[in-house]
Each structure stands twice: as C-alpha cells, then as structure tokens.
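In our numbering, the protein residues as written are 366 to 960.
What follows is the structure in structure tokens.
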C-alpha cells in the first residue's frame with residue numbers, strides 16, 4: 366500500500382547541511398537493514414511518497430512503459446513493478462559476485478532490448494569479470510541472452526557499468542579503474558588501453574568517448590543539448606560532476622577535483638584527449654551517485670535544474686543550470702569557486718534529506734520523479750502536492766486524493782463534469798465518450814489515453830502530459846493546452862479553434878485536417894508535425910519550431926509566422942494570403958504552388 370509521507374513544511378525544521386554532512390557511511394555493508402530518517406523536503410509544493418518497499422539492496426531502475434524493472438545488487442534478481450505493485454517472483458536471476466561494489470549494477474532499456482551489467486568470479490582462481498549482456502524483453506520475460514562485452518581481472522570496487530542511449534544511436538557504458546589499474550587510461554606513462562577508466566561504445570568499434578575516470582555511479586544525457594554528463598567518485602577528497610565532451614580526459618589518477626596548471630601540464634598525452642575541470646566538486650566526498658535532468662511537465666520549475674543523489678548522507682541535491690546548460694549558477698558566494706569546501710556553511714544545494722543512501726534517480730513516464738533508497742530497500746517518488754476533490758470513478762472505485770492514480774482504468778461513458786483531476790495519472794486510461802466538461806486536468810498525465818468522442822468543453826489541460834494520446838476528431842475549441850506535452854499525439858480532424866497551445870510540445874503529432882483557426886501556437890514545438898490540410902487561418906505561429914513540418918494544402922491565410930524556425934518544411938499548395946513571415950528562417954523549405 367502506498368504511503369504518503371507528509372513533508373515538514375516549516376523551513377526551520379529543514380535539516381542543516383553540516384549536520385548530515387559528517388555522518389558518512391563508508392561502504393555498502395554499513396547500510397544493511399538501515400531505515401531512512403524522516404524525509405524532509407525544502408519545496409513545499411512537493412510530497413514524497415513511499416512507492417515500493419521490501420526490496421533487497423536495490424541499486425537501479427529502468428522503465429518499460431508503465432512497468433519498472435529493478436536491480437537487486439546482491440541477489441542478482443531483476444524485480445518487476447507492475448501497476449504500482451512489486452511482483453513476488455523475479456523475472457530473471459543472474460549469478461553475481463557480491464563483495465563491496467560487485468553485483469548486479471547496471472541496466473538500460475532500449476526498445477525491446479534490455480542491457481545488463483554485472484560482475485562474476487571465476488570458481489577456480491576467483492578472478493573478477495565485468496560482463497555486459499543484452500536480452501530481449503517482451504513485457505513478461507527476459508530471453509535470448511547475448512554477451513556484448515567482457516572485461517576481466519577486476520577488483521572488488523570501481524566497477525561502475527552504467528549505460529546510456531545516446532541521440533547518435535550508440536549505447537555507451539562507463540567503467541571505473543576496477544580498483545587495480547595503473548595504465549595509460551589512468552594517466553600513467555605506461556600500459557596499453559584495456560577498457561578501464563573510460564566511457565566506451567558498447568556495440569560499435571570507435572575511440573573511447575572519455576578516459577581518466579576513477580569510478581562513476583551517475584551517467585546521463587541532457588535531453589535539451591544532448592551533452593553527456595557524469596558524476597565521479599573521489600578517494601579521500603573531491604567527488605565531481607562533469608560535463609563530458611567527446612575526447613574528454615577526466616584526469617584520474619593524476620588529478621581529482623579542480624586542477625593546478627602544473628597538474629594539467631604534467632598529464633601524459635594520449636590521442637588528443639583533453640582535460641577540463643569539474644563543473645562542481647565536493648572537497649569532502651559524499652558518495653555521489655545518480656544525476657537527472659528534469660523534463661516532466663509536472664515539475665516545470667525544475668526544467669533548468671539538475672538533481673543529484675548521494676550515498677553517504679541520503680541527500681537529494683538541486684543544481685541550477687546556467688543559460689547555456691554547460692555549468693551551474695549559485696547565489697551563495699562560497700560556491701562561486703565551484704567547490705563545496707570542508708568549511709563552507711551552505712544549504713543552497715539541498716532539496717531533500719533523509720533517504721537511506723540514494724543510488725538512482727529517474728523520471729517516469731507518468732512525469733513523477735523516482736528515487737531508489739538502497740539502505741531501507743525502498744523506492745520513493747516526488748509528487749506535486751496539488752489537492753483534488755473526492756469522486757467515484759466507474760470500474761476504478763477510489764477516493765480521489767492528491768495525485769490519484771487512474772492509469773489503465775476504464776472510464777468510458779463516465780460523467781466527470783467539474784471534477785478536479787489536476788496532476789492525476791490517467792495514462793493508458795479509456796475515456797471514450799466520457800464527459801469531462803469543465804474538468805481541471807492541469808498537470809495531469811494522459812499519455813496514451815483514449816479520448817475519442819470525449820466531451821472536453823471548458824476543460825483546463827494546461828501543463829498536461831499527453832504524449833501519444835488519442836484525440837482524433839475531438840472538439841477542443843477554446844481549450845487551454847498551454848505548456849502541455851502532446852508529443853506523438855493523434856489529433857487528426859480535431860477541432861482546436863481558438864485554443865491556447867502556446868509553448869505546447871506537438872513534435873511528431875498528427876493534426877491532419879485539424880481546425881486550428883485563431884489558435885495561439887506561439888513558441889510551440891511543431892517539429893515533424895503533420896498539419897496537412899489543416900485550417901490555420903489567423904493562427905499565431907510566431908516563434909514556433911517548424912523543422913520538417915508538413916503543411917501541404919494547409920490554410921494559413923493571415924497566419925502569423927514571425928520569427929518562426931521553418932526548416933525543410935513543406936508548404937506545397939498551401940493557402941498563405943496575408944500570412945506574415947517577418948524574421949522567419951525558411952531554410953530549404955518548399956513552397957511549391959503555394960498562394
């Protein structure tokens with residue numbers, strides 16, 4: 366049963382940074398059967414919910430639709446959370462070695478392929494190997510295991526093994542120094558490359574993406590810039606957050622933390638890899654782990670922030686990105702040097718405390734933020750604290766409370782007039798023929814929901830998460846969809862006249878034959894959107910992203926496209942009388958027989 370942990374809202378009750386900072390936990394063993402302290406969060410608009418408990422050393426999660434795969438470090442079990450419930454039996458068990466930082470450590474899901482990283486020991490000579498396998502996932506079973514990569518001769522620590530799917534199509538993995546390597550990839554003037562202390566492509570042969578990495582438990586891509594970031598664990602000094610450019614040298618074992626000019630000059634030269642200082646460092650190591658760029662429409666105030674976890678203290682940190690998203694901005698003068706020194710007294714970075722060792726932070730398809738807490742065997746999630754009214758829902762009888770989960774419910778033909786469903790989870794639900802007139806759906810998750818023939822007159826759908834939603838032929842006239850995410854939505858033949866779609870994400874959406882006359886689409890993302898035969902007369906399309914947009918035979922009479930980015934789009938046979946393209950960038954766009 367999900368338990369809401371009510372957050373202390375009084376600012377003075379927030380645990381000071383220095384109080385927890387000194388309570389270090391030296392290794393995994395010390396976390397056994399640890400209970401988390403009372404979780405406290407600074408942001409008064411967020412609840413922390415205990416989502417799942419009863420896990421055995423959980424280290425990482427990955428989402429497959431609404432399902433969650435969980436890695437248990439020491440048991441080698443991959444557990445499944447389905448419909449919010451932890452299933453009794455694991456979907457797979459792998460044989461792993463379990464001393465210190467060994468075990469089942471890394472997972473990545475890419476379409477129907479699941480990549481796993483784990484360590485094993487040879488039964489005869491007890492040597493340790495790091496193995497990367499890939500499996501086929503059908504939603505129920507992991508089958509057809511294939512060994513992708515093996516690295517032999519490891520130690521009991523610094524195995525890392527995190528993976529990311531990069532926008533260039535590659536899967537990259539990160540490997541530490543295994544606790545025992547002193548070669549050219551660790552910035553010694555000796556040895557041959559051996560796939561340690563590096564970021565490497567898992568299935569293609571190409572140069573290392575980065576070298577000189579001691580160990581990492583945080584590895585991600587900024588979805589806005591496609592820049593790669595990692596966190597790096599130091600020895601007695603300096604944990605790091607790094608922006609990882611291609612051919613990056615992180616400096617280990619010659620440099621940890623910010624470098625002196627002499628240290629940089631003395632780095633061995635290896636294949637034009639370039640050193641740069643960390644974007645942030647902790648002089649006193651915290652056991653830095655996961656890193657997350659927030660994109661959810663439920664947490665728009667965090668879109669320009671990075672969330673980071675730590676293992677030693679169970680703290681969730683927030684870093685505010687600079688304008689170029691290449692580093693961080695700070696208010697506290699003591700952080701201007703990009704280092705939290707031992708004697709710095711600041712709590713600017715802290716978002717929440719009280720977790721029992723954070724090992725993973727992920728954003729779910731429902732827009733919520735999930736936090737894995739290894740010491741108490743739990744997964745928590747962050748939820749906006751908007752309250753909604755009570756009601757009775759057909760075939761999903763529940764008492765509505767803050768952030769109701771109605772995912773996959775049959776709500777067809779339901780009368781929900783005037784209900785407050787703000788921030789609720791309606792993903793994959795069936796709302797066909799339902800009456801949602803004047804319903805508050807602000808910030809709600811409606812991804813992949815069926816809204817065919819749904820009555821939505823007067824509904825507030827601003828900030829809603831509606832990726833892949835079905836709104837074919839629905840009347841959305843005058844509706845508020847400001848800041849909503851409608852990526853890949855089906856809006857064919859929908860009526861959106863006079864609708865507010867400003868700042869809305871409509872990438873890959875199908876709005877063929879849609880009526881958007883007089884609609885406000887300013888600053889909307891229309892990349893790869895199909896607007897063939899759409900009615901856009903008098904629509905505001907200023908400052909829109911219209912890369913690869915299809916507008917064949919669309920009616921754009923008197924439309925405002927000022928300052929729009931119109932790259933490689935098609936306006937064939939479009940009606941454009943009186944339209945305004947002032948300041949627009951129309952690179953390689955086709956206007957064949959337009960008038």
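No residue lacks a Cβ here, since even glycine has one placed at the ideal position from N, Cα and C. Everything numeric in this text was worked out from a predicted model, so none of it was measured.
I'd like the span of the beta strand (DSSP E) that includes residue i, first residue to last.
i, result
"residue 656", "653-658"
"residue 749", "743-749"
"residue 565", "563-566"
"residue 537", "536-540"
"residue 725", "723-728"
"residue 411", "411-417"
"residue 517", "507-519"
"residue 793", "That residue, residue 793, is in no beta strand (DSSP E); it is neither H nor E in DSSP."
"residue 995", "Not covered by the structure: residue 995. The range shown for the chain is 366 to 960."
"residue 596", "593-597"
"residue 530", "528-530"
"residue 432", "432-437"
"residue 586", "583-586"
"residue 428", "423-429"
"residue 738", "734-738"
"residue 716", "715-718"
Where do the N-terminal and C-terminal ends of the alpha helix (DSSP H) with residue i fall, by residue?
i, result
"residue 627", "626-630"
Roughly how many angstroms separate the alpha carbons of residue i and residue j, rounded to a whole number?
i, j, result
"residue 497", "residue 515", "6 Å"
"residue 608", "residue 811", "34 Å"
"residue 365", "residue 785", "The first residue shown for the chain is 366 and the last is 960, placing residue 365 beyond what the model contains."
"residue 771", "residue 788", "11 Å"
"residue 792", "residue 431", "9 Å"
"residue 483", "residue 526", "8 Å"
"residue 903", "residue 921", "7 Å"
"residue 706", "residue 630", "25 Å"
"residue 504", "residue 446", "11 Å"
"residue 827", "residue 935", "29 Å"
"residue 637", "residue 694", "30 Å"
"residue 428", "residue 566", "22 Å"
"residue 553", "residue 639", "15 Å"
"residue 753", "residue 955", "With a pLDDT of 29 at residue 753, under the threshold of 50, the predicted position of this residue should be treated as unreliable, and no value is reported."
"residue 403", "residue 824", "38 Å"
"residue 794", "residue 454", "27 Å"
"residue 449", "residue 457", "19 Å"
"residue 477", "residue 583", "23 Å"
"residue 891", "residue 578", "40 Å"
"residue 953", "residue 911", "12 Å"
"residue 729", "residue 537", "21 Å"
"residue 392", "residue 675", "Low confidence applies here, because residue 392 scores a pLDDT of 46, under 50, leaving its location unreliable and the question unanswered by this model."
"residue 710", "residue 697", "10 Å"
"residue 763", "residue 691", "Annotation note: pLDDT 41 at residue 763 (below 50); position unreliable, no value reported."
"residue 773", "residue 643", "44 Å"
"residue 634", "residue 572", "15 Å"
"residue 835", "residue 851", "10 Å"
"residue 528", "residue 481", "9 Å"
"residue 586", "residue 531", "7 Å"
"residue 663", "residue 807", "9 Å"
"residue 777", "residue 769", "17 Å"
"residue 588", "residue 659", "9 Å"
Pop quiz: residue i and residue j are said to be a contact at Cβ under 8 Å. What is the actual Cβ separation, rounded to whole angstroms?
i, j, result
"residue 619", "residue 575", "That belief does not hold up - the Cβ atoms of residue 619 and residue 575 are roughly 15 Å apart, past 8 Å."
"residue 557", "residue 564", "The Cβ separation is near 18 Å, so there is no contact."
"residue 933", "residue 913", "5 Å"
"residue 415", "residue 727", "The Cβ separation is near 16 Å, so there is no contact."
"residue 940", "residue 917", "About 11 Å; that fails the 8 Å criterion."
"residue 602", "residue 648", "6 Å"
"residue 749", "residue 406", "At roughly 12 Å, the Cβ-Cβ gap does not stay under 8 Å, so residue 749 and residue 406 are not in contact."
"residue 686", "residue 670", "6 Å"
"residue 623", "residue 646", "6 Å"
Could you tell me which residues DSSP puts in a beta bridge with residue i?
i, result
"residue 825", "805, 845"
"residue 444", "435"
"residue 900", "880, 920"
"residue 613", "575, 639"
"residue 704", "646"
"residue 405", "718"
"residue 501", "478, 508"
"residue 835", "815, 855"
Would you please verify whether the beta carbon of residue i is less than 8 Å from any beta carbon of chain C?
i, result
"residue 883", "Absent from the structure is chain C; it holds one protein chain and no more."
Please list the segments of the beta strand (DSSP E) lying wholly inside the segment 447-499, counting only runs of 3 or more residues, in order along the chain. Qualifying beta strand (DSSP E) stretches, in chain order: 469-475, 478-486.
Whole runs of the alpha helix (DSSP H) within the segment 640-697, excluding any shorter than 4 residues: Runs of the alpha helix (DSSP H) inside the segment 640-697: none found.
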